[in-house]
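Novice: Going by the numbering used here, the letters in the sequence shown line up with residues 169 to 472, in that order.
Beta carbons are placed, not taken as given, at the ideal position from N, Cα and C, and that holds for glycine.
Given the structure is predicted, the values throughout are model-derived calculations rather than measurements.
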Amino acid sequence: MRVLVTGTAGQLARALAERAQGQANVEVILVGRPELDLENPASFAQVLRHYSPDMLINAAAHTAVDAQEGEAERAFRINAEAPAEMARLTRLAGIPMVQVSTDYVFDGTSARPYVETDRPNPQTVYGRSKLSGEEAVRAGNPDHLVIRTAWVVSRYGRNFIKTMLNAAQARERLQVVADQFGSPTEAHDLADGLLVAARFWRNHGGFPQGRYHLAGQGRASWYELAAQALASSRSVGGPSALIEPIGSDQWPTKAVRPANSELNSDAFERDFGYRAGNWWQTVSALVAELVEPEAKAKNRQSRP
Ligand SMILES: NC(=O)c1ccc[n+]([C@@H]2O[C@H](COP(=O)([O-])OP(=O)(O)OC[C@H]3O[C@@H](n4cnc5c(N)ncnc54)[C@H](OP(=O)(O)O)[C@@H]3O)[C@@H](O)[C@H]2O)c1
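1) List the residues that DSSP assigns as beta-bridge partners of arginine 421.
2) Three-state secondary structure (DSSP) at leucine 204?
3) Using only the heavy atoms of ligand 1, determine whether one of them is closer than 7 Å to the beta carbon of histidine 312.
4) Under three-state DSSP, which class holds proline 461?
5) Can the beta-carbon of glycine 308 be found closer than 8 Å to that of glycine 384?
6) In angstroms, rounded to a whole number, what distance separates the CA positions of valine 455 and alanine 397?
7) With a cut-off of 8 Å on the beta carbons, I'd call tyrosine 324 and alanine 355 a contact; round off their distance for me.
8) Identify, in the order they occur along the chain, each residue of the same chain with its Cβ nearer than 6 Å to the Cβ of serine 297, setting aside the five sequence neighbours on each side.
9) With contact counted as at least three CB pairs below 8 Å, one residue from each stretch, are the region 318-338 and the region 352-372 in contact?
10) Less than 8 Å between the beta carbons of glutamate 430 and phenylalanine 349, yes or no?
11) Closer than 7 Å to a non-hydrogen atom of ligand 2 - does that hold for the CB of arginine 201?
12) Mind checking which residues open and close the beta strand (DSSP E) that includes glycine 254?
13) Within 8 Å (strictly less), CB to CB, does glycine 200 reach chain C?
14) Beta-carbon separation of aspartate 347 and serine 389 under 8 Å?
15) Can you tell me whether proline 420 is buried or exposed? The criterion is at least 16 other CB atoms within 10 Å of its CB, across all chains shown.
16) Give me whichever residues DSSP pairs with glutamate 302 in a beta bridge.
17) Would you check if there are 3 or more beta carbon pairs closer than 8 Å linking the region 328-341 to the region 179-189?
18) Am I right that valine 283 and asparagine 432 are in contact with their C-beta atoms under 8 Å? What's the rounded C-beta distance?
19) Under the rule that 16 or more other beta-carbon atoms within 10 Å means buried, what is glutamate 392, buried or exposed?
20) Run through the region 212-242 for me and flag every whole beta strand (DSSP E) of 3 or more residues, listed as ranges in chain order.
21) Could you compute how far the alpha carbon of arginine 201 sits from the alpha carbon of alanine 228?
22) Please list, in chain order, all residues of the same chain as valine 364 whose beta carbon is under 8 Å from its beta carbon, the five residues on each side excluded.
23) Output yes or no for whether 8 Å exceeds the beta carbon distance between lysine 422 and aspartate 234.
24) Using a Cβ-based criterion (distance less than 7 Å to any ligand heavy atom), does leucine 410 qualify as near ligand 1?
25) Over what stretch of residues does the alpha helix (DSSP H) that includes glutamine 179 continue unbroken?
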């Protein structure tokens with residue numbers, strides 16, 4: 169099964185390529201700029217013709233949440249118009265499309281984890297453009313799967329864990345927001361779930377339903393996530409810092425973050441038999457992976 173994945177350097181794209189390696193019957197092909205530029209949605213037609221895949225996973229997106237507040241047109245082109253064109257062309261080609269979406273489609277006011285049937289109410293350009301992308305895919309290709317995930321971290325690209333480790337290297341004290349909660353998700357866990365869904369489609373010729381949440385187990389604030397990352401880092405000889413919990417009002421951002429965007433992934437587990445790992449375990453493993461080689465090299469250098 170040939171699975172075309174958009175994005176080359178993206179966290180999810182790279183994790184998908186890595187996880188598919190050595191798996192029988194699944195070949196992941198990454199495609200990105202300049203061959204495919206989502207600012208020019210028409211560029212997808214040639215890519216689809218060239219690779220002739222059995223499935224498309226759209227893992228590419230404009231993910232710079234704050235920057236998008238000033239460039240809504242570009243955000244909608246990449247996050248909504250491009251998926252719309254992909255849905256139209258995959259339907260014509262007779263293949264399924266998986267669209268990766270976000271917890272930012274919700275306003276964050278729920279007192280419990282969000283389920284798939286909860287009403288979206290995005291508060292940011294990013295959230296609105298991604299919701300519009302979901303709707304376009306649903307309308308454009310009946311053989312679709314929308315997967316909402318959240319707080320993605322990995323050894324690739326830019327993410328919160330890497331930002332915290334870098335900040336701890338530069339400063340002794342850090343301030344981290346403690347009143348926003350979500351579901352931290354390791355990109356490889358997400359990739360594994362998507363590959364399980366791809367195999368399901370191959371075996372059954374379709375998906376059980378069109379929309380699922382798939383995120384790491386457990387709820388964390390940014391403060392708790394930073395604390396866990398730096399404790400793990402300290403335990404393997406990496407950088408650490410004192411962390412002070414602060415409120416969102418002390419850390420104003422252009423795009424308002426949802427106060428609670430925890431996602432409930434029970435439906436995905438029920439239908440596909442797969443659940444992502446606990447965030448604190450995957451974060452500890454990730455930090456060890458990021459920090460240990462560097463810490464060991466430093467120890468070797470400092471030995472007489
Ligand atoms: N990161 C999160 O915390 C998070 C949370 C919830 C949902 N999501 C969703 O999960 C998916 C994967 O996220 P991620 O963390 O892997 O994102 P990421 O690391 O920021 O990667 C984004 C990818 O999109 C590609 N891209 C951006 N603009 C493009 C354009 N104009 N043309 C072609 N490619 C373009 C990038 O291309 P290059 O390879 O050229 O850099 C990159 O591969 C996205 O749909 C995102 O909305 C992410």
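Specialist: Straight from the coordinates:
1) If you number the sequence shown from 1, residue 421 lands on position 253. For clarity, residue 421 is threonine in the given sequence; the question names arginine instead. DSSP output for threonine 421 lists no bridge partner at all.
2) As a position in the sequence shown, residue 204 is number 36, starting the count at 1. If DSSP states are grouped into helix, strand and coil, leucine 204 belongs with coil.
3) Start at 1 with the first residue of the sequence shown, and residue 312 comes out as number 144. No; taking the cut-off as 7 Å, the Cβ of histidine 312 has no heavy atom of ligand 1 nearer than that.
4) Locating residue 461 in the sequence shown gives position 293, where the first residue counts as 1. Helix, per DSSP.
5) In the sequence shown, residue 308 corresponds to position 140, counting from 1. In the sequence shown, residue 384 corresponds to position 216, counting from 1. In this structure, glycine 384 does not lie closer than 8 Å to glycine 308 by Cβ.
6) Mapped onto the sequence shown, residue 455 falls at position 287. Mapped onto the sequence shown, residue 397 falls at position 229. Roughly 6 Å between the two C-alpha positions.
7) Within the sequence shown, numbered from 1, the residue matching residue 324 stands at position 156. Within the sequence shown, numbered from 1, the residue matching residue 355 stands at position 187. Confirmed, Cβ separation roughly 7 Å.
8) Position 129 of the sequence shown holds residue 297. Beyond the five residues adjoining it in sequence on each side, serine 297 comes within less than 6 Å, by CB distance, of Ala243, Phe244, Asn247 and Ala248 in the same chain, given in chain order.
9) Taking 8 Å as the limit for Cβ pairs, the verdict is that the region 352-372 does touch the region 318-338.
10) Here residue 430 refers to the residue found at position 262 when the sequence shown is read from its first residue. Here residue 349 refers to the residue found at position 181 when the sequence shown is read from its first residue. Yes, the Cβ-Cβ distance between glutamate 430 and phenylalanine 349 is below 8 Å.
11) With respect to small molecules bound, the structure shown includes ligand 1 and not ligand 2.
12) Here residue 254 corresponds to residue number 86 of the sequence shown, with the count starting at 1. Per the sequence shown, residue 254 should be read as methionine rather than glycine. Segment 250-261 is the alpha helix (DSSP H) holding methionine 254; no beta strand (DSSP E) there.
13) No chain C is present in this structure, which holds just one protein chain.
14) As a first step, residue 347 must be located in the sequence shown, where it is residue number 179. As a first step, residue 389 must be located in the sequence shown, where it is residue number 221. Taking the C-beta atoms as reference points, serine 389 is found nearer than 8 Å to aspartate 347.
15) By 1-based counting over the sequence shown, the position of residue 420 is 252. Its Cβ having fewer than 16 others within 10 Å, proline 420 is exposed.
16) One-based indexing of the sequence shown puts residue 302 at position 134. Paired residues: none, contrary to the question.
17) Taking 8 Å as the limit for Cβ pairs, the verdict is that the region 179-189 does not touch the region 328-341.
18) The residue given as residue 283 occupies position 115 in the sequence shown. The residue given as residue 432 occupies position 264 in the sequence shown. Right, their Cβ atoms sit about 5 Å apart.
19) Reading the sequence shown from its first residue, position 224 is the one you call residue 392. Buried, since its Cβ has 16 or more Cβ neighbours within 10 Å.
20) Here the runs fully enclosed are 223-226.
21) Mapped onto the sequence shown, residue 201 falls at position 33. Mapped onto the sequence shown, residue 228 falls at position 60. The straight-line gap from Cα to Cα measures roughly 10 Å.
22) Counting from one through the sequence shown, the residue named residue 364 turns up at place 196. Beyond the five residues adjoining it in sequence on each side, valine 364 comes within less than 8 Å, by CB distance, of Phe440, Gly441 and Tyr442 in the same chain, given in chain order.
23) Position 254 of the sequence shown holds residue 422. Position 66 of the sequence shown holds residue 234. Cβ distance < 8 Å, so lysine 422 and aspartate 234 count as in contact.
24) In the sequence shown, counting from the first residue as 1, residue 410 sits at position 242. Look at leucine 410: its beta carbon is at least 7 Å from all of the heavy atoms in ligand 1.
25) For the purposes of this step, residue 179 is taken as residue 11 along the sequence shown, with counting starting at 1. Taken as a continuous stretch (DSSP letters only), the alpha helix (DSSP H) holding glutamine 179 covers 179-188.
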